[in-house]
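When you line the sequence shown up against UniProt numbering, it's residues 1 to 242, in that order.
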Amino acid sequence: MGWHRELLIGFDLETTGTDPATARIVTAAVVEVKGGEPIGRREWLADPGVLIPQDAVAVHGITNERASALGRPAREVADETADTLAGYWRAGTPVVAYNAAFDLSLLAAELRRHGLRPLSERLGGAETGPVVDPLTIDRAVDRYRRGKRTLGAVCELYGVVLSGAHEAGADALAAARVAVAVAEAHPEVARMEPWELHRAQVDWYAEWAAGYQRWLRGRGTPEAVVDGSWPLREAETVPGAA
Numbered sequence: 001m002g003w004h005r006e007l008l009i010g011f012d013l014e015t016t017g018t019d020p021a022t023a024r025i026v027t028a029a030v031v032e033v034k035g036g037e038p039i040g041r042r043e044w045l046a047d048p049g050v051l052i053p054q055d056a057v058a059v060h061g062i063t064n065e066r067a068s069a070l071g072r073p074a075r076e077v078a079d080e081t082a083d084t085l086a087g088y089w090r091a092g093t094p095v096v097a098y099n100a101a102f103d104l105s106l107l108a109a110e111l112r113r114h115g116l117r118p119l120s121e122r123l124g125g126a127e128t129g130p131v132v133d134p135l136t137i138d139r140a141v142d143r144y145r146r147g148k149r150t151l152g153a154v155c156e157l158y159g160v161v162l163s164g165a166h167e168a169g170a171d172a173l174a175a176a177r178v179a180v181a182v183a184e185a186h187p188e189v190a191r192m193e194p195w196e197l198h199r200a201q202v203d204w205y206a207e208w209a210a211g212y213q214r215w216l217r218g219r220g221t222p223e224a225v226v227d228g229s230w231p232l233r234e235a236e237t238v239p240g241a242a
């Protein structure tokens with residue numbers, strides 16, 4: 001049947017910025033998907049504890065006023081989101097996140113910032129996963145395709161409808177649907193077991209990062225460093241940590 005036809009958990013964060021070490025969670029969504037269709041979801045709105053920059057507001061539409069008035073404490077949102085994901089992982093269910101290294105690294109930074117248990121501890125010391133990242137897979141199976149690889153662009157390529165881009169629930173559902181579409185288009189991906197695919201993505205991401213680093217250094221940025229860690233990076237220090 002294949003992992004893509006079993007239960008998948010779409011996951012997405014909308015945040016205050018683009019650096020996972022410093023950005024804060026504004027909204028989080030976890031969507032249960034089977035056969036490409038949503039069967040359940042949880043969503044959170046956080047008061048991030050810092051001002052949401054206007055360029056971030058322009059992306060996801062969550063204003064400072066709304067987050068302050070309706071958002072729950074960021075510590076609670078990070079804790080509940082991590083517990084929810086850990087519960088699925090303990091059951092062996094793959095979590096799908098588009099550009100997983102961003103969302104999971106940011107969540108890890110928030111846990112550290114608020115003095116909360118890391119994902120590894122919630123998993124009894126086990127590895128975080130299995131994770132499915134359609135971006136990492138798409139880069140590997142269609143390496144030389146030109147053009148953007150944003151969620152919107154890849155949805156269009158694979159015929160996935162994305163309604164409400166940059167809304168966490170919509171992006172989480174779209175990520176899961178893209179994962180299904182990629183697997184259906186590439187039987188070699190569909191045949192893998194979830195942990196086999198997870199470990200393949202570790203290698204694929206590292207290869208992409210090394211290649212991107214070479215590209216940057218060859219085009220006038222000789223000191224560029226692209227971290228090849230996947231699916232998350234645990235920062236040694238986190239700005240704003242308790």
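Backbone N, C-alpha and C define an ideal beta-carbon position, used for all residues, glycine too.
Classify Ala224 as helix, strand or coil using the three-state DSSP reduction. coil
Kindly confirm or deny that the stretch 3–17 and the stretch 86–98 touch, where touching means at least three C-beta pairs closer than 8 Å. yes
Tell me the residue span of the alpha helix (DSSP H) that contains Gly36. Neither: Gly36 is in no alpha helix (DSSP H) and is coded neither H nor E.
Contact the stretch 29–40 vs the stretch 169–184: 3+ CB pairs below 8 Å: yes
Per DSSP, which one or two residues make a beta bridge with Gly10? Val31 and Val96
When you compare only the Cα positions, how much space is there between Arg75 and Leu111? 8 Å
Whole-angstrom distance between Val226 and Asp142, CA atom to CA atom: 21 Å
Just the C-alpha distance for Arg117 and Thr81, rounded to the nearest angstrom, thanks. 12 Å
If contact is defined by three or more beta carbon pairs under 8 Å, each pair taking one atom from either stretch, is the stretch 42–57 in contact with the stretch 127–143? no
Mind checking whether His4 and Glu184 have CB atoms under 8 Å apart? yes
Do His114 and Ala140 count as a contact pair if the criterion is CB distance below 8 Å? no
Is it buried or exposed, Ala56, if we count other Cβ atoms within 10 angstroms and call 16 or more buried? buried
Smallest Cα separation from Thr27: which of Glu196, His186 and Ala172? Ala172
Out of Leu8, Tyr88 and Ile137, which has the shortest C-alpha to C-alpha gap to Leu119? Tyr88
Taking all protein chains shown into account, do 16 or more other C-beta atoms lie within 10 angstroms of the C-beta of Val161, making it buried, or fewer, making it exposed? exposed
For Gln54, count neighbouring Cβ atoms within 10 angstroms of its own Cβ and tell me buried if that reaches 16, exposed if not. exposed
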